[in-house]
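Protein chains in written order, with the numbering used here: chain A, 1 to 397; chain B, 1 to 397. What follows is one structure encoded as structure tokens, with my remarks underneath.
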């Protein structure tokens, strides 16, 4: 049984603040600053270049990959850490298309995170073979799985509403028409259990700065199913994915397995911070996290609905169909979120009208939920959002 | 006049060690650990998600880009920081090829860093349009600039020997046949003055963990000449390069200028370390750095040749044709470098027989050079390398 009081104690959380934005940027593990300082002082400062071997920097993308792999049901040795999620989407999609050379459709949905669609757009333009990026409504995905689909590319949890796709079911349906699957787990990894191997997923990608708490700009990860891992020809064929990076051959020969999805020099300082986040994940069981997440989000929904009739639930009501976030619609959403933040509850706003709140059982408990509801209710019922300073829209994240 | 004693005092250098490998991984700025700790504690830990605006995280790839731009002669606003050098090579080469749709040859040389060639290979395979990657000997580059060349892609300083290409001359010659240029400044930025604008370079890329001292895994940079910056269609079209990243449009619309070369979420923790390195660069003048670098490398060559007749100079003897490194050939190079490191001089080995030493005036002085020569001479003349433990080859960097 996961001890959530113990995991919460591992994080640095500002006094008095209820932080419900861990789905955008996870909180700081208390151990992270000291670990990064030690890494910088000792591994970089003293051991310098020898740290690539002596401090294990070279191996870290794979060892961290395995730790993340444990949270998403990946086979050991089949997850590599590095780059950004956008880059990993490009890489995985290119690899998947290469395995389906006779097909020309990438099927995705309008609930996908935009950068996934942008990266696909860029890749298809680069390929120049007349591929079509077919973007349908989330509920129409299954019906659009036709025999011309090369790759089904979806984000499992909708970043706006938290709506959850059925990964196992859609993967089976995709395979039935001969398509491959590319799952973006940005809002899944660390939010709910997922079983990429058990679902027979072909490719999966994700980031580590949201629910995994790896820190701002923490690297992404990529999973390639063992049956494909030695077959894919990387489009982004960098030296760290070479079978012998320090031979400095003029020709590229891919490393075996997912290691060929490594590209350039890994972000060593970011990885040190990510390590301390993964240490906290060692204390947690994803089944417990999921149960607690549903409890917290159910409570939040019922309490908000009881106190804020002007807010309309935008997330699935059934916890089993929802990720670890809750969104409400409100006409003056931008101003409302500014006011809510000013009252000490950090969520975020997504255009045109969504108030979005993320729930992270590792450091969010029932007391936090109740405090958040009280503050949000005050903002809504006292119309605290109706002040000029909250209406000036800035770039937000 | 640059005060090199003052810049040296800004670095953390292990006692007794002479570090001549700053061309692989630069030394730790003393201020870096505290700056990163502060960034983590205050910006990540306390301000959390609001730091994207409040702490300037969002703007940092461009503000850091300008600081680097100042060292390579770029126009303000035309350098963006992010990703790895491999990714930036791919991106810049894709953009350059897109500007020369009727040509099919990428000209490079065998002195280019292998990952540049690997990334080109991967891109050409992805493009699938029958492009040819023509790799010639460094001295044959000019003669191979024919009318079918789309892009001349070179690393200015050879990573093994330090041989320097004439960037202005080759760029002019490339333009004369209608080709564009892509310069890799990995061993240039922070090592010698370069003037990308003055040379009319089209694209340039580089890394920040070598002479710039940004730390292990520090991000790369990309320069796009103003005349191309709004014309290129990014192959890696990520949301951070979108004109309105937080509008979350389903369609990609590139940001204006080089900002469209941004891809995913930038590595904020790495950027904090890089900032402190750039603070030291504010104390330095690249002309002084170059003069000092030639003094130090000239001294090293003459002293090594006077004391170690078994070593053969592999670098250009004329400092004006050499980057900020010196390499010597020796049959038992691997073992010799292990022995030299054991004696307290860190250089590195490059197959098949190169002993490579980098010189970084910001923290390497004449005393260091003399100490290094004494130690190297002892290893060579007493055959300290001829011990079994130095012959077991490990993966090295």
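Every residue gets a Cβ at the ideal spot worked out from N, C-alpha and C, and that includes glycine. Since we're looking at a predicted model, the values are computed, not measured.
>> Relative to the C-alpha of residue 69(A), which candidate in 382(A), 290(A), 308(A) and 278(A) has its C-alpha closest?
In response: Here residue 69(A) is taken as the residue at index 69 of the first chain, counted from 1. Checked all of 382(A), 290(A), 308(A) and 278(A); the closest Cα to residue 69(A) is 278(A).
> Whole alpha helix (DSSP H) runs in the stretch 345-382 of chain A with 4 or more residues, listed along the chain?
Replying inline: 366-381
> Quick check: the stretch 198-211 of chain A against the stretch 220-230 of chain A, are there 3 or more CB pairs under 8 Å?
Replying inline: yes
>> Could you check whether the stretch 248-268 of chain B touches the stretch 227-236 of chain B, counting it as contact only if at least three pairs of C-beta atoms, one from each stretch, sit closer than 8 Å?
In response: yes
> Counting only beta-carbon atoms, is residue 422(A) nearer than 8 Å to chain B?
Replying inline: There is simply no residue 422(A) to check, as chain A begins at 1 and stops at 397 in what is shown.
> Looking only at C-alpha atoms, which of 384(A), 248(A), 77(A) and 268(A) sits nearest to residue 117(B)?
Replying inline: Counting from 1 along the second chain, the entry for residue 117(B) is found at position 117. Among 384(A), 248(A), 77(A) and 268(A), the Cα nearest to that of residue 117(B) belongs to 248(A).
> Can you name the residues of chain B whose CB is closer than 9 Å to the CB of residue 230(A)?
Replying inline: Walking along the first chain from the start, residue 230(A) turns up at place 230. Neighbours of residue 230(A) on chain B: none; closest Cβ ~17 Å, over 9 Å.
> What's the gap between the Cα of residue 382(A) and the Cα of residue 109(A)?
Replying inline: The residue given as residue 382(A) occupies position 382 in the first chain. The residue given as residue 109(A) occupies position 109 in the first chain. Rounded to the nearest angstrom, the two C-alpha atoms are 38 Å apart.
> Between 105(A), 181(A) and 128(A), which lies nearest to residue 149(A) when the distance is taken from Cα to Cα?
Replying inline: As a first step, residue 149(A) must be located in the first chain, where it is residue number 149. Checked all of 105(A), 181(A) and 128(A); the closest Cα to residue 149(A) is 105(A).
> Name the chain A residues whose beta carbon is nearer than 7 Å to that of residue 363(B)?
Replying inline: Position 363 of the second chain, counted from the start, is the residue given in the question as residue 363(B). Per Cβ cutoff of 7 Å: no residues; residue 363(B) is ~12 Å from chain A at best.
>> Applying the 10 Å Cβ sphere with the 16-neighbour rule, what's the burial state of residue 379(A)?
In response: Here the question's residue 379(A) lines up with position 379 in the first chain. The residue is buried, with at least 16 neighbouring Cβ atoms inside 10 Å.
>> So residue 127(A) contacts chain B; which residues on that side make the cut at Cβ distance below 9 Å?
In response: Position 127 of the first chain, counted from the first residue, corresponds to residue 127(A). Those are 126, 127 and 128, listed as they occur along chain B.
> Counting contacts by CB-CB distance shorter than 8 Å, is residue 105(B) in contact with chain A?
Replying inline: Translated into the one-based positions of the second chain, residue 105(B) becomes position 105. No, residue 105(B) does not count as interfacial toward chain A.
>> Among the candidates 119(A), 33(A), 326(A) and 367(A), whose CA atom is the shortest distance from the CA of residue 93(A)?
In response: Walking along the first chain from the start, residue 93(A) turns up at place 93. Checked all of 119(A), 33(A), 326(A) and 367(A); the closest Cα to residue 93(A) is 119(A).
> Of the residues that make up the stretch 339-350 of chain B, which ones have a beta carbon closer than 9 Å to any beta carbon in chain A?
Replying inline: 341, 346, 348 and 350
> DSSP puts residue 184(B) in a beta bridge; with which residues?
Replying inline: In the second chain, residue 184(B) corresponds to position 184, counting from 1. When DSSP reads this structure, residue 184(B) sits in a beta bridge with 155(B) and 205(B).
> Which runs of the beta strand (DSSP E) spanning at least 3 residues fall entirely within the stretch 3-88 of chain B, listed in chain order?
Replying inline: 79-82
> What does residue 87(A) touch in chain B if you count any residue whose Cβ is under 8 Å from its own?
Replying inline: Translated into positions along the first chain, residue 87(A) becomes position 87. Residues of chain B passing the Cβ test: 83, 87, 236, 238, 263 and 264.
> Tell me the DSSP bridge mates of residue 240(B)?
Replying inline: Counting from one through the second chain, the residue named residue 240(B) turns up at place 240. Note: residue 240(B) sits in no beta bridge, so no partner.
> So the alpha helix (DSSP H) residue 107(B) belongs to, where does it begin and stop?
Replying inline: Indexing the second chain from 1 puts residue 107(B) at position 107. Where residue 107(B) is concerned, there is no enclosing alpha helix (DSSP H), although the beta strand (DSSP E) it sits in stretches over 105-109.
> Hey, quick one: how far does the beta strand (DSSP E) through residue 274(B) stretch, first residue to last?
Replying inline: The residue given as residue 274(B) occupies position 274 in the second chain. It is not in any beta strand (DSSP E) - residue 274(B) instead sits in the alpha helix (DSSP H) that spans 268-281.
>> Strictly under 8 Å for the Cβ-Cβ distance: is residue 269(B) near chain A by that measure?
In response: Residue numbering aside, residue 269(B) sits at position 269 when the second chain is read from its first letter. At least one chain A Cβ lies under 8 Å of residue 269(B).
>> If I measure Cβ to Cβ from residue 137(B) and keep anything under 7 Å in the same chain, skipping five residues before and after, which residues do I get?
In response: Within the second chain, numbered from 1, the residue matching residue 137(B) stands at position 137. So the qualifying residues of the chain are 109 and 110.
> Exposed or buried, which one is residue 317(A) when buried takes at least 16 other CB atoms within 10 Å?
Replying inline: Here residue 317(A) refers to the residue found at position 317 of the first chain. With fewer than 16 other Cβ atoms within 10 Å, it is exposed.
> In three-state DSSP terms, what is residue 132(A)?
Replying inline: The residue labelled residue 132(A) in the question sits at position 132 within the first chain. Strand.
> Are there 16 or more other CB atoms within 10 angstroms of the CB of residue 29(B), so buried, or fewer, so exposed?
Replying inline: In the second chain, the residue the question calls residue 29(B) occupies position 29. Burial call: buried.
>> Between residue 369(A) and chain B, is any beta-carbon pair separated by less than 8 Å?
In response: Start at 1 with the first residue of the first chain, and residue 369(A) comes out as number 369. Judged by the 8 Å Cβ criterion, residue 369(A) is not in contact with chain B.
> Among 391(B), 164(B), 83(B) and 112(B), which residue has its Cα nearest to the Cα of residue 271(B)?
Replying inline: Here the question's residue 271(B) lines up with position 271 in the second chain. Of 391(B), 164(B), 83(B) and 112(B), the residue nearest in Cα terms is 83(B).
> Skipping 5 residues on each side, what residues in its chain have a beta carbon closer than 8 Å to that of residue 393(B)?
Replying inline: Taking the first residue of the second chain as position 1, residue 393(B) is located at position 393. Cβ within range, chain order: 334.
>> Less than 8 Å between the C-beta atoms of residue 73(A) and residue 322(A), yes or no?
In response: For the purposes of this step, residue 73(A) is identified with residue 73 of the first chain, where counting begins at 1. For the purposes of this step, residue 322(A) is identified with residue 322 of the first chain, where counting begins at 1. Going by C-beta atoms, residue 73(A) is not nearer than 8 Å to residue 322(A).
> Taking DSSP as the reference, what is the three-state secondary structure of residue 123(A)?
Replying inline: Looking up residue 123(A) in the first chain gives position 123. The answer is helix: DSSP assigns residue 123(A) an H, G or I state.
> Whose C-beta lies closer than 7 Å to the C-beta of residue 15(A) among residues of the same chain, with five residues either side of it excluded?
Replying inline: As a working mapping, residue 15(A) is identified with position 15 in the first chain. Answer for residue 15(A): no residue qualifies.
> Just the Cα atoms here: how many angstroms apart are residue 397(B) and residue 332(A)?
Replying inline: Counting from 1 along the second chain, the entry for residue 397(B) is found at position 397. Counting from 1 along the first chain, the entry for residue 332(A) is found at position 332. With a pLDDT of 44 at residue 397(B), under the threshold of 50, the predicted position of this residue should be treated as unreliable, though the coordinate-derived value follows. So the alpha carbons of these two residues sit roughly 55 Å apart.
>> For residue 221(A), report the span of its beta strand (DSSP E) as first-last.
In response: Locating residue 221(A) in the first chain gives position 221, where the first residue counts as 1. Here the beta strand (DSSP E) through residue 221(A) covers 220-224.
>> At the level of alpha carbons, what is the spacing between residue 60(B) and residue 230(B)?
In response: As a working note, residue 60(B) is residue 60 in the second chain. As a working note, residue 230(B) is residue 230 in the second chain. In a straight line, the C-alpha of residue 60(B) is about 21 Å away from that of residue 230(B).
> Listing by chain order, which chain A residues have their CB less than 7 Å from the CB of residue 57(B)?
Replying inline: Here residue 57(B) is taken as the residue at index 57 of the second chain, counted from 1. Near residue 57(B) (Cβ distances below 7 Å), the residues of chain A are 216.
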